[in-house]
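Asks: Quick note on my numbering: the sequence shown kicks off at 3 and runs consecutively.
Structure provided below as structure tokens; questions to follow.
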Amino acid sequence: MKYKCWKKLALGITNQNYLTNNNLFVRYSLPDTAFYLDHQNEIKVLEALKTTPWTIPIVDYGFEENNFYLVSHYLTNSTTIDANNLTPSLLKEASTLLKNLWAIKIDNDVVFNPKQFLNNFKVKIKTPLVDLTGYEKTIDYQKLATPTKDLVLCHNDLNPGNFLISKNKMYLIDFEYAMYNDRLFDIGSFISETLTKQEDINLWLTFFDLSPQEKEKLAAWINYQNILWIYWATYMYQERQNPIFYDIILAKYQKLKQEGQRF
Numbered sequence: 003m004k005y006k007c008w009k010k011l012a013l014g015i016t017n018q019n020y021l022t023n024n025n026l027f028v029r030y031s032l033p034d035t036a037f038y039l040d041h042q043n044e045i046k047v048l049e050a051l052k053t054t055p056w057t058i059p060i061v062d063y064g065f066e067e068n069n070f071y072l073v074s075h076y077l078t079n080s081t082t083i084d085a086n087n088l089t090p091s092l093l094k095e096a097s098t099l100l101k102n103l104w105a106i107k108i109d110n111d112v113v114f115n116p117k118q119f120l121n122n123f124k125v126k127i128k129t130p131l132v133d134l135t136g137y138e139k140t141i142d143y144q145k146l147a148t149p150t151k152d153l154v155l156c157h158n159d160l161n162p163g164n165f166l167i168s169k170n171k172m173y174l175i176d177f178e179y180a181m182y183n184d185r186l187f188d189i190g191s192f193i194s195e196t197l198t199k200q201e202d203i204n205l206w207l208t209f210f211d212l213s214p215q216e217k218e219k220l221a222a223w224i225n226y227q228n229i230l231w232i233y234w235a236t237y238m239y240q241e242r243q244n245p246i247f248y249d250i251i252l253a254k255y256q257k258l259k260q261e262g263q264r265f
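Structural data, given as structure tokens:
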């Protein structure tokens, strides 16, 4: 490794994360993610965000053999948002971070393709752990299509761990999946990955002034995301045998079995 790491951190589930003795956070990718994480695109996003006050400053990044590494300052005593203790002010702040991201323009032609991205995982799975045949037929890719003029720079992975709080300020972190997409994907990702209470979902939606048609499309995106992340988690479980991926499969599958999301 280029950086001499002091200890391994129990943070995240996709990469290996370390802390150096001079308080730097080092993230190393692993080879089994190379086919679905576009780190060249991530570099473009990081360059576009490097002067923004709502992201953690990047110290270094690059490639070391088959691994992409990212180095940033480690914020001691920082926390991530807690899905069970989300205040209205925290939800508002999170929505503002997303709107800030959507306003960023980059010279990039990488656009999220929902069908292709899902199939990337599907074709690599040797033994499915749940039957998604019927659920996958509910994906309406025509409904999910977004005109080019409406595409914005999206984060695409809004789990609680990607909202960092330090000294009463919230930061958006981890842009591995960031690319141009429908903003409704991000709105739905936060609902699907972070929000657990209906009152929080209702408040979250008030920050975006969605039309009835957009709310219908939002529900379609959340349905798609549940299926997508089951395929992703199945692939990751196949490769690593880490039970946390199996837990994700079960949680997302349970959501699929529930009645479709309506707002």
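Ideal placement from N, C-alpha and C gives every residue a C-beta, glycine not left out.
Report the rounded CA-to-CA distance for V61 versus Y137, giving the unit in angstroms.
Replies: Cα to Cα, the separation comes out at about 43 angstroms.
Asks: Distance check for E66 and T90, CA to CA, integer angstroms please.
Replies: Note on identity: in this sequence residue 90 is Pro, with Thr being the wrong assignment. In a straight line, the C-alpha of P90 is about 42 angstroms away from that of E66.
Asks: Which residues in the same chain have their Cβ closer than 6 angstroms to the Cβ of N18, if we skip the five residues on either side of it in sequence?
Replies: Checking the sequence shown, residue 18 turns out to be Gln, not Asn. Closer than 6 angstroms at Cβ, skipping near neighbours: Y30.
Asks: So, for I189: in the same chain, excluding its five sequence neighbours on each side, which residues have a beta-carbon less than 7 angstroms away from its beta-carbon?
Replies: Within the same chain, I189 has close Cβ partners F210 and L220.
Asks: Count the CB pairs spanning the stretch 122-130 and the stretch 145-154 that are closer than 8 angstroms, and state whether there are at least three.
Replies: The stretch 122-130 is not in contact with the stretch 145-154.
Asks: Between F192, T22, L134 and A253, which lies nearest to E95 when the distance is taken from Cα to Cα?
Replies: Ranking the options by Cα distance to E95, first place goes to F192.
Asks: Would you grab the beta carbon distance between T82 and G163 for me? Rounded to a whole angstrom, and I think it's under 8 angstroms.
Replies: Contact holds; Cβ gap of about 5 angstroms.
Asks: Looking at chain C, is there any beta carbon in it that lies within less than 9 angstroms of the beta carbon of L197?
Replies: The structure shown has no chain C; it contains just one protein chain.
Asks: Does S97 pass the burial test, meaning 16 or more other C-beta atoms within 10 Å, or should it be called exposed?
Replies: Buried.
Asks: Just the Cα atoms here: how many angstroms apart are N170 and L207?
Replies: When rounded, the distance between both Cα atoms is 24 angstroms.
Asks: Confirm, please, whether the CB-CB distance from T22 to N6 is below 9 angstroms.
Replies: Reading the sequence as shown, one finds Lys at residue 6 and not Asn. Contact flag set, yes.
Asks: Just list the residues that DSSP pairs I167 with in beta bridges.
Replies: Bridge partners of I167: T81 and M172.
Asks: Tell me, please, which residues DSSP counts as bridged to G64.
Replies: Per DSSP, Y71.
Asks: Using three-state DSSP, classify F27 as helix, strand or coil.
Replies: Strand.
Asks: State the DSSP-derived secondary structure class of K10, mapped to helix, strand or coil.
Replies: Of the three classes helix, strand and coil, the one that applies to K10 here is strand, per DSSP.
Asks: For the beta strand (DSSP E) containing Y143, list its first residue and its last residue.
Replies: Unbroken run through Y143 is the alpha helix (DSSP H), Y143 to L146; no beta strand (DSSP E).
Asks: Quick check on A12: buried or exposed, where buried means 16 or more other Cβ atoms within 10 Å of its Cβ?
Replies: A12 should be labelled exposed.
Asks: Quick one: give me the first and last residue of the beta strand (DSSP E) that N19 is part of.
Replies: Where N19 is concerned, the enclosing beta strand (DSSP E) stretches over Q18 to T22.
Asks: Would you tell me roughly how many angstroms separate the C-alpha atoms of K46 and Q240, rounded to the nearest one?
Replies: Taking the straight line joining both Cα atoms gives about 31 angstroms.
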